[in-house]
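Asker:
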Amino acid sequence: MSTINEVLYLEPGLAGTPMTVEEFDAVTECDELYVYQLINGVLVVNPPPSIGERGPNDLLGYLLRAYGEQHSQGKALTYTAPEQTLRTVNRRRADRAIWAGFDHVPDIDSTPPTITIEFVSESLRDRRRDYEVKRDEYLEVGIAKYWVIDRFQRKMTVFRHGDKGYAQVIVQEEETYQTPLLPGFELPLARILAEADLVEGADCYFVST
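Throughout the sequence shown, residue numbering follows our numbering, covering 302 to 510 in sequence.
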């Protein structure tokens, strides 16, 4: 049971507070400098994604938008959004969500996306979460595919439902990924990884005045 009756404003000082999903979903205001998730009934507060995640995520969003607007089959892309909170048994923040094949834009807060994308974090604990825990939660709620883009191991893993719970395909750095969920869309993995390299390298330099 939650130890609070009502939370109107989320901020870092509330990290570790027990909450119900109903309480979390009812929140309308927060300190937007942080990311909030509800994991196993506890509020988790994280800093925003690093530039090594945001940069390639922005590029992926651009490629998806270009496909949707310019490709003859681009109408397959219904909508895409970065930093989307997903309603699984928990409330997790996905780096990017894609809704595909709808005839109209659904309620994105309550409709599971067709595809979710994660840009892997570096620590061992975070990697296990990204590769295993999120995979299981996302597939359980009916998400068709889960792309895990790993700039550290220079690959992308695509998870989907399979006979043994899930199946996976490994996309190597030099390969271009395609999916029937977005016919005609091509994702050159090397370009995404190069964007991460570019912005992470730039973050190491400063201008002296």
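By construction, the Cβ of each residue, glycine as well, lies at the ideal position given by its N, Cα and C atoms.
All values reported here derive from a predicted model rather than from experimental measurement.
Return helix, strand or coil for Lys-456, following the three-state DSSP convention.
Answerer: Taking the first residue of the sequence shown as 1, we reach residue 456 at position 155. Of the three classes helix, strand and coil, the one that applies to Lys-456 here is strand, per DSSP.
Asker: With distances taken from CA atoms, which of Leu-311, Ala-367 and Ala-316 is nearest Glu-330?
Answerer: As a first step, residue 330 is located in the sequence shown; it is residue number 29 there, counting from the start. Out of Leu-311, Ala-367 and Ala-316, Leu-311 has the C-alpha closest to the C-alpha of Glu-330.
Asker: What are the boundary residues of the beta strand (DSSP E) that includes Lys-446?
Answerer: The sequence position of residue 446 within the sequence shown is 145, counting from 1. Here the beta strand (DSSP E) through Lys-446 covers 446–451.
Asker: Ala-445: which of Asp-410, Arg-452, Leu-483 and Glu-474 sits nearest, CA to CA?
Answerer: Taking the sequence shown and counting its residues from 1, the one referred to as residue 445 is at position 144. Closest by alpha carbon: Leu-483.
Asker: Pull up the CB-CB distance for Ile-450 and Val-421, whole angstroms please, since I reckon it's below 8 Å.
Answerer: Here residue 450 refers to the residue found at position 149 when the sequence shown is read from its first residue. Here residue 421 refers to the residue found at position 120 when the sequence shown is read from its first residue. That pair is a contact at about 7 Å.
Asker: Shortest alpha-carbon distance to Glu-384 belongs to which of Gln-371, Asp-410 and Val-343?
Answerer: Taking the first residue of the sequence shown as position 1, residue 384 is located at position 83. The option with the nearest alpha carbon to Glu-384 is Asp-410.
Asker: Flag this pair as touching only if the stretch 358–367 and the stretch 389–399 have three or more C-beta atom pairs under 8 Å; answer yes or no.
Answerer: Segments in contact, yes.
Asker: Looking at the strands, I want to know which residues DSSP matches up with Gln-512.
Answerer: Outside the modelled stretch of the chain, which goes from 302 to 510, sits residue 512, for which no answer is possible.
Asker: Would Pro-413 and Gly-443 qualify as a contact pair, given that the criterion is a beta-carbon distance under 8 Å?
Answerer: The residue given as residue 413 occupies position 112 in the sequence shown. The residue given as residue 443 occupies position 142 in the sequence shown. Against a cut-off of 8 Å, the Cβ pair of Gly-443 and Pro-413 comes out as a contact.
Asker: Going by CA-CA distance only, name the one from Glu-441, Glu-475 and Glu-476 that's closest to Arg-388.
Answerer: One-based indexing of the sequence shown puts residue 388 at position 87. Nearest option by C-alpha distance: Glu-441.
Asker: Going by alpha carbons, who is nearest to Arg-455 out of Phe-325, Ile-416, Asp-437 and Arg-492?
Answerer: Residue 455 sits at position 154 when you count from the first residue of the sequence shown. That would be Arg-492, whose Cα lies nearest to the Cα of Arg-455.
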